[in-house]
Amino acid sequence: MNRREFLKLAAFTAANFVLIPVQHTLAKETDSMSIHIAAKVGEVAERVLLPGDPVRAKNIAENFLTDVHQYTAVRNILGFTGKYKGVPVSVQATGMGIPSISIYLHELIESYGAKKLIRVGTCGGMNENIRLRDVLIAQGSSTDSSIVHQVFGGGVNFSLLADFDLLRTAVNVAESLKLPVKVGNVICTDLFYNDYDDVNGTFGDGKRTFNDKLRKHGILAVEMESAALYLHAAAANVQALAIFTVSDDLWRGERCTTEERQSSFNDMIKIALETVIQ
Ligand code: HPA
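Residue 25 in this note's numbering is what sits at position 21 of the sequence shown, and the numbering runs on without skipping anything.
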């Protein structure tokens, strides 16, 4: 080996000795601290409640859990871990809509090992049988979002479903607490403010709107996150359920007061907590 070859080999060896540990350390760091939650592994429980609103996450943690520890405030999207009846439970705010909740779902599942995820949110009742403050459970989630197509292409209209065991438990829990719930299909939409004409053409008498079609097909309510929850859970083979309190009535054009929202929200939280610890 001449001097030049020796120097080349020496440089290569040194680079690898230096680089390998650096890469290893970096990999370890990224494993333990996700970008948007940035908690340490072990700080987030396997059982997680998912409200959209960070203030609600704080209220749930303060009013329902013991031994509470706040593990994140990145972007003011708060996350807490505490205990419910002795079982570790986290409450992670998700923000609104599919893109935002998808970030938190990915990190909760992939970085922190979340296994049972229950969304606790609000929805707009679409059907005349649905009233303000009703508690609904999404057995299925239909969506106008492109997320299913992004995963499966146009060929498969993948059914976005609640985990059956969680659904059955939640219904049993609600019955035993004497809290009425309605179970069915919801529409998970990307647009909260949507009073545009029906772009997909007309229905029946030629005057029906998109919402009329959804109603006709039994959709109970509109909300903005359940499709992402059910899709991510299916992909990762973890359990997920979406429970809602009706805060708006799109059929009658009514809306809950803040106090009404709060008291009925508590029924939903009780059902979710009793379900998630099973
Ligand atoms: N649309 C979408 N999401 C909602 C609504 C609504 O009317 N109410 C509560 N979440």
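Just so it is clear, CB atoms sit at the ideal spot from N, CA and C, and this is done for glycine as well.
Across the structure, Ser106 and Met228 are spaced so that their CA atoms are roughly 11 Å apart. A check of alpha carbon separations from Pro58 across Leu235, Asn67, His73 and Gly83 identifies Gly83 as the nearest.
About 4 Å separates the CB atoms of Ser145 and Leu164; that is less than 8 Å, so the two are in contact. Where Pro103 is concerned, the enclosing alpha helix (DSSP H) starts and stops at Ile102 to Glu114. One Cα belongs to Ile281, the other to Val185, and the distance between them is close to 19 Å.
DSSP, reduced to helix, strand and coil, places Pro92 within a strand of the structure shown. Taking the C-beta atoms as reference points, Ile64 is found nearer than 8 Å to Leu53. The stretch 251-264 makes no contact with the stretch 111-119; the number of CB pairs closer than 8 Å stays below 3. Taking 7 Å as the cut-off, the C-beta of Ser251 counts as close to a heavy atom of ligand 1. Between Ala42 and Thr76, the gap from beta carbon to beta carbon is short of 8 Å. Between Leu195 and the set Gly222, Phe156 and Thr147, the nearest pair of CA atoms involves Thr147. Scanning its chain for C-beta atoms nearer than 8 Å, with the 5 sequence neighbours on each side dropped, one finds around Glu111 the residues Ser38, Ile39, His40 and Ile41, in chain order. Beta-bridge analysis with DSSP links Leu54 to Arg123. The beta-carbon separation of Pro92 and Arg123, rounded to 19 Å, does not stay under the 8 Å limit for a contact.
Taking 7 Å as the cut-off, the C-beta of Gly128 counts as close to a heavy atom of ligand 1. Take Ser104, set aside five residues on each side of it, and the residues of its chain with a beta-carbon closer than 7 Å to its own are Thr98, in chain order.
Cβ neighbours of Phe156 within its own chain (closer than 8 Å, five residues either side excluded): Phe162. Counted as a single uninterrupted DSSP element, the alpha helix (DSSP H) harbouring Asp216 occupies residues Phe214 to Lys220.
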